[in-house]
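A.B. asks: Starting off with a structure, shown below.
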């Protein structure tokens with residue numbers, strides 16, 4: 009999860025749970041030469057969690073993801089959701105979505121949630137998405153050194169922040 013601050017008329021806006029959603033023809037996650045999750049035709053979701061995230065944030069994001077009309081219909085228009093095509097999801101936890109690079113050359117990740125908060129939220133997001141999709145969500149292993157292989161379809165890549173719901 010990344011929190012970004014933007015000063016506008018002396019107001020500050022905070023961005024919380026962040027997801028990078030990629031439409032893929034296939035994707036897989038490998039840890040220690042073992043595939044932990046693999047999909048064909050669906051979404052690879054990189055998920056970042058911040059300490060301020062709530063169950064409400066996760067529910068909003070999960071509902072938004074499964075209803076995004078980013079898959080082609082019979083006319084080649086992005087008019088179908090992952091539910092409409094019977095697609096799959098590979099969910100990967102990625103704290104580096106919170107990289108702050110303002111100072112120096114080494115990114116800071118202090119805004120990312122600690123593992124004791126982030127891991128249960130990551131697992132809960134998998135459960136929420138699986139319930140909405142009515143199928144098992146494939147996953148990486150939280151905190152592991154994961155190798156992700158994918159073929160981005162389109163490419164279609166969407167970034168969502170739960171604290172900026174009006175723009176998504």
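Residue numbers (this note's numbering): 9 to 176. Each residue gets a CB set at the ideal place from its N, CA and C atoms; glycine is no exception.
#1: Using a Cβ-Cβ distance cut-off of 8 angstroms, determine whether residue 80 contacts chain D.
#2: Can the beta-carbon of residue 127 be found closer than 8 angstroms to that of residue 150?
#3: Starting from residue 156 and walking both ways along the beta strand (DSSP E), at which residues does that stretch end?
#4: When you compare only the Cα positions, how much space is there between residue 214 and residue 121?
#5: Out of 153, 139 and 99, point me to the one whose CA is closest to residue 41's CA.
#6: Hey, how far is the Cα of residue 29 from the Cα of residue 169?
#7: Per DSSP, residue 56 forms a beta bridge with which residues?
#8: So, at 6 angstroms on beta carbons, what are the nonlocal neighbours of residue 79 in its own chain, with the 5 sequence-adjacent residues on each side left out?
#9: Quick one: measure Cβ to Cβ for residue 32 and residue 159, integer angstroms, because I've assumed they're closer than 8 angstroms.
#10: Could you please give the first and the last residue of the uninterrupted beta strand (DSSP E) stretch that includes residue 88?
#11: Just tell me which of 25, 50, 27 and 64 has its CA closest to the CA of residue 161.
#12: Exposed or buried, which one is residue 23 when buried takes at least 16 other CB atoms within 10 Å?
#13: If residue 148 and residue 101 are in contact, beta carbons under 8 angstroms, what's the gap, nearest whole angstrom?
C.D. replies: According to the structure shown:
#1: Absent from the structure: chain D. Only one protein chain is present.
#2: yes
#3: 155-169
#4: An answer regarding residue 214 cannot be provided, because it is not within the stretch 9 to 176 covered by the chain.
#5: 153
#6: 11 angstroms
#7: 26
#8: If we look at residue 79 and ignore the five residues flanking it on each side, its Cβ neighbours are 88 and 93.
#9: 6 angstroms
#10: 86-88
#11: 50
#12: In this prediction, residue 23 has a pLDDT of 47, which is less than 50 and means its spatial position is unreliable; what the coordinates show is noted afterwards. When all chains shown are included, residue 23 counts as buried.
#13: 6 angstroms
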